[in-house]
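Participant:
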Amino acid sequence: MSAPFSIPSPDEAWQILEINLFGWQINLHMYALCILLGIILAVVITSRRLTRRGAEPGVVLDIALWAVPLGIIGARLYHVLTHPADYFYEGANIWNPFQPGAIWNIWEGGNAIFGSLIGGAVGVLIGCRLTGLRFWSFADALAPGLLVAQAIGRIGNWFNHELFGAPTDLPWGLEIPSDNAAWPQGLAEGTLFHPTFLYELIWNLAGAAVIILLERRMSLRWGKAFGVYLIWYGLGRSFFESIRVDPSEMFLGIRVNVWAAWAAVVIGIVLILVQRHRHPGLEPSVYVPGREWVRPDPEVDSDDTESDSDSLDDGVEGEPAEGATAATSPGRPVSE
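Just so you know, we're using numbering that gives the first Met the number 0 here: the sequence shown kicks off at 0 and counts up by one.
1) Distance check for Ile15 and Pro344, CA to CA, integer angstroms please.
2) Does the Cβ of Leu191 have 16 or more other Cβ atoms within 10 Å, making it buried, or fewer, making it exposed?
3) Measuring only the C-alpha atoms, how far is Tyr228 from Trp202?
4) Terminal residues of the continuous alpha helix (DSSP H) containing Glu214?
5) Locate the alpha helix (DSSP H) running through Trp23, then write down its first and last residues.
6) When we look at the beta-carbon of Pro68 and count the other beta-carbons within 10 Å, is it buried (16 or more) or exposed?
7) Report the option in Val273, Gly152, Leu169 whose CA atom is closest to the CA atom of Ile71.
8) Return the CA-CA distance between Ser310 and Leu116, expressed in angstroms with no decimal places.
9) Does the Cβ-Cβ distance between Ser5 and Trp171 come in under 8 Å?
10) In its own chain, which residues sit with a C-beta less than 6 Å from the C-beta of Gly206, not counting the 5 before and 5 after it?
11) If you drop the 5 nearest sequence neighbours on each side, which residues of the same chain put their C-beta closer than 7 Å to that of Glu402?
12) Give every residue of the same chain whose Cβ lies closer than 6 Å to the Cβ of Gly109, excluding the five residues on either side of it in the sequence, and list them in chain order.
13) Could you tell me the distance, in whole angstroms, from the CA atom of Asp10 to the CA atom of Asp61?
14) One question on the structure: do Glu199 and Phe225 come within less than 8 Å of each other, judged by their Cβ atoms?
15) What's the gap between the Cα of Gly114 and the Cα of Val264?
16) Are the CB atoms of Val257 and Ala165 nearer to each other than 8 Å?
17) Output needed for Ala66: all residues of its chain with C-beta closer than 7 Å, excluding positions within five of it in sequence on either side, in chain order.
18) Fully enclosed by the region 54-89, which alpha helix (DSSP H) runs are 4 residues long or longer?
19) Let me know the secondary structure DSSP gives Leu251 once reduced to three states.
20) Could you check whether the Cβ of Gly152 sits closer than 7 Å to any heavy atom belonging to the ligand ATP?
21) Over what stretch of residues does the alpha helix (DSSP H) that includes Asn19 continue unbroken?
22) What's the call for Gly394, buried or exposed, on a 16-neighbour Cβ count within 10 Å?
23) In angstroms with no decimal places, state the Cα-to-Cα distance between Leu272 and Ile112.
24) Closest to Arg236 by C-alpha separation, out of Ala101, His28, Gly90, Leu162, would be which residue?
25) Rounded to the nearest angstrom, how far is the Cβ of Pro96 from that of Glu107, given a contact under 8 Å?
26) Here's the rule I'm using: 16 or more other beta-carbon atoms within 10 Å means buried, otherwise exposed. How should Ser308 be labelled?
27) Hey, Gly90 and Arg290 are a contact pair by Cβ (cut 8 Å); roughly how many whole angstroms apart?
28) Suppose the cutoff is 6 Å on Cβ atoms and the five residues either side in sequence are ignored; what does the same chain contact list for Glu55 look like?
29) Quick check: what's the CA-CA separation for Gly22 versus Met29?
30) Taking Phe158 as the reference, which of Trp13, Leu76, Asn92 has the closest Cα?
31) With His278 and Trp221 assumed to form a contact (beta carbons below 8 Å), what rounded beta-carbon distance in angstroms separates them?
32) Report the option in Trp135, Ala180, Pro176 whose CA atom is closest to the CA atom of Val285.
33) With distances taken from CA atoms, which of Lys223, Leu129, Ala74, Asp85 is nearest Leu281?
34) Would you check if the distance between the CB atom of Ile93 and the CB atom of Ala101 is smaller than 8 Å?
35) Nearest to Ala150 by CA position, among Cys33, Leu141, Ala63, is which residue?
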C-alpha cells in the first residue's frame, strides 16, 4: 500500500556502488559513505568551535586519529556483544573476514552508537593527553557535531532497509519490501512502517541547534554542553528504540539499548550538576595549564606589503576567546 507522503526505500542496487578502477572493482557501501560523511562534518564543526575558543587550528585531527578508529571498534564490539545470537551459534563463521557473518565484517552493518561513544571517549582521552587539550573542552566542542554525524549516519539505515519502526497508518510511513529479513510475520504485503531513521535524523539535527542556542544564553563549559547532548540523545533514542521491530537483546523485558539510552540521560544530568558545583566560573582556556598553544606573532613578517597568503588568513578563527588566560608555554611538545 502507499500513503500520500509515504517514503519509498531505495533500490537495493544503491546499497553498494561498484566502481571499476584500472581493472580493480571497488565496492563502496552507502552505509559506510554516510558514516564517513558524518565523521567529516563532525570534525569540521568541532574544529571550528575549538579554534574559536583559542585552540590551535587543525588540532582536532590529532585527536580524531585516535577517536575515530577506537569509536568504530567500540561500535562494532558493542553490537556483537549485545546481539550474540547473530554471531555465536553452531557452525557460525566467527573469525574469517573473507566469509559473511564474521564479527569483523563491519561493512555488513551492525554498529552501535553507545559503543562508539565508549570507544571514542577512550580515543579522545588519549588525544587530549597528547595535545594538552582539556577533555571536557573537547567534548563540549564536539557535542553538536556529534549529533550531526549521527543524523547523517541514519541515512545509511534507510539505504540498508533496516532498523525501521512498527507498522503505522500515518501518511509518511516507510515502504519496506516484504522479503526483508526483519519483516514481521503475519503482516500484509504493503504495510507501512514508522521511518525511525527519519525521526532520529530530525531529532539529532534539532538537538544540535538546541545546544548552540543554549550556549548563547548560558555558560555550557566544563562538559555541560556534552551533558545536554547525552540528555537530548538519550531521551530521543529511548523512544525510537522502543518502537523498532528489529530483534534485540532484552533485559527485564526492555531492550538493552533503551537501558543504555536511559543511562545516558542519567549520566548527562549528573555531569551537569557535578560540573556546575565544581566549576561555577568561566573556562579559562581549552588547554590544561602549561600546555597552551601560542599563536604565531604576525610581527615576525618583515614584508611591508601583505602577501596573498596573508590575506587568506584574515577570516581564520583562531583568536583566544574574551577572558581566556594568556599563553604561558612556548607551544606543544615536538612529539605531538
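The beta-carbon is built from N, C-alpha and C at its ideal position, and this holds for glycine as well. Values in this document were obtained by computation on a predicted structure and should not be read as measured data.
Facilitator: The relevant details are as follows:
1) The structure shown does not extend to residue 344, since the chain spans only 0 to 335, so no value can be given for it.
2) In the sequence shown, the residue the question calls residue 191 occupies position 192. Flag for Leu191 reads buried.
3) By 1-based counting over the sequence shown, the position of residue 228 is 229. By 1-based counting over the sequence shown, the position of residue 202 is 203. Their backbone Cα atoms lie some 11 Å apart in a straight line.
4) On the sequence shown, residue 214 is found 215 positions in, with the first residue counted as 1. Taken as a continuous stretch (DSSP letters only), the alpha helix (DSSP H) holding Glu214 covers 195-216.
5) The residue you call residue 23 lines up with position 24 of the sequence shown. Trp23 -> not in any alpha helix (DSSP H); beta strand (DSSP E) instead, spanning 23-28.
6) Here residue 68 is taken as the residue at index 69 of the sequence shown, counted from 1. So Pro68 counts as exposed.
7) In the sequence shown, counting from the first residue as 1, residue 71 sits at position 72. Residue Gly152 is the option with its Cα nearest to Ile71.
8) In the sequence shown, counting from the first residue as 1, residue 310 sits at position 311. In the sequence shown, counting from the first residue as 1, residue 116 sits at position 117. Because the pLDDT at Ser310 is just 40, under 50, the model does not fix this residue reliably, and the value given afterwards should be weighed accordingly. Those two C-alpha atoms are separated by around 39 Å.
9) Translated into the one-based positions of the sequence shown, residue 5 becomes position 6. Translated into the one-based positions of the sequence shown, residue 171 becomes position 172. For Ser5 and Trp171, yes; Cβs fall inside 8 Å.
10) Residue mapping note: residue 206 aligns to position 207 of the sequence shown, counting from 1. Correct list, in chain order: Leu146, Trp231.
11) Nothing about residue 402 can be reported from this structure: the residues present for the chain run from 0 to 335 only.
12) On the sequence shown, residue 109 is found 110 positions in, with the first residue counted as 1. Closer than 6 Å at Cβ, skipping near neighbours: His78.
13) Reading the sequence shown from its first residue, position 11 is the one you call residue 10. Reading the sequence shown from its first residue, position 62 is the one you call residue 61. Going from the Cα of Asp10 to the Cα of Asp61 covers about 39 Å.
14) For the purposes of this step, residue 199 is taken as residue 200 along the sequence shown, with counting starting at 1. For the purposes of this step, residue 225 is taken as residue 226 along the sequence shown, with counting starting at 1. In this structure, Phe225 does not lie closer than 8 Å to Glu199 by Cβ.
15) For this step, residue 114 is matched to residue 115 along the sequence shown. For this step, residue 264 is matched to residue 265 along the sequence shown. Answer to the nearest angstrom: the Cα atoms are 16 Å apart.
16) Here residue 257 refers to the residue found at position 258 of the sequence shown. Here residue 165 refers to the residue found at position 166 of the sequence shown. No, the pair does not count as a contact, with Cβ atoms beyond the cut-off.
17) Counting from 1 along the sequence shown, the entry for residue 66 is found at position 67. Cβ neighbours of Ala66 beyond the five flanking positions: Gly119, Gly122, Val123, Gly126.
18) 58-81
19) Sequence index remark: in the sequence shown, residue 251 carries index 252 (1-based). Three-state DSSP puts Leu251 in coil, outside helix and strand.
20) Because no ligand of any kind appears in the structure shown, any question about the ligand ATP cannot be addressed here.
21) Sequence index remark: in the sequence shown, residue 19 carries index 20 (1-based). It is not in any alpha helix (DSSP H) - Asn19 instead sits in the beta strand (DSSP E) that spans 15-20.
22) Nothing in the structure corresponds to residue 394, since the chain is present only between 0 and 335.
23) Position 273 of the sequence shown, counted from the first residue, corresponds to residue 272. Position 113 of the sequence shown, counted from the first residue, corresponds to residue 112. Each residue's alpha carbon lies about 24 Å from the other.
24) Locating residue 236 in the sequence shown gives position 237, counting from the first residue. Of Ala101, His28, Gly90, Leu162, the residue nearest in Cα terms is Leu162.
25) Walking along the sequence shown from the start, residue 96 turns up at place 97. Walking along the sequence shown from the start, residue 107 turns up at place 108. That pair is no contact at about 10 Å.
26) Sequence index remark: in the sequence shown, residue 308 carries index 309 (1-based). Confidence at Ser308 is low in this model, with a pLDDT of 44, below 50, so the placement of that residue should be treated as unreliable; the coordinate-derived value is given next. It counts as exposed.
27) Within the sequence shown, numbered from 1, the residue matching residue 90 stands at position 91. Within the sequence shown, numbered from 1, the residue matching residue 290 stands at position 291. With a Cβ gap of about 54 Å, Gly90 and Arg290 do not count as contacting.
28) Counting from one through the sequence shown, the residue named residue 55 turns up at place 56. If we look at Glu55 and ignore the five residues flanking it on each side, its Cβ neighbours are Trp292.
29) Position 23 of the sequence shown, counted from the first residue, corresponds to residue 22. Position 30 of the sequence shown, counted from the first residue, corresponds to residue 29. If you take the alpha carbons of Gly22 and Met29, they lie about 22 Å apart.
30) The residue labelled residue 158 in the question sits at position 159 within the sequence shown. Answer by Cα proximity: Trp13.
31) Here residue 278 is taken as the residue at index 279 of the sequence shown, counted from 1. Here residue 221 is taken as the residue at index 222 of the sequence shown, counted from 1. Contact holds; Cβ gap of about 4 Å.
32) On the sequence shown, position 286 is the one that residue 285 refers to. Checked all of Trp135, Ala180, Pro176; the closest Cα to Val285 is Trp135.
33) Reading the sequence shown from its first residue, position 282 is the one you call residue 281. For Leu281, the nearest C-alpha among the options comes from Lys223.
34) In the sequence shown, the residue the question calls residue 93 occupies position 94. In the sequence shown, the residue the question calls residue 101 occupies position 102. Cβ atoms of Ile93 and Ala101: closer than 8 Å.
35) Indexing the sequence shown from 1 puts residue 150 at position 151. Comparing Cα-Cα distances from Ala150 to each of Cys33, Leu141, Ala63, the minimum goes to Cys33.
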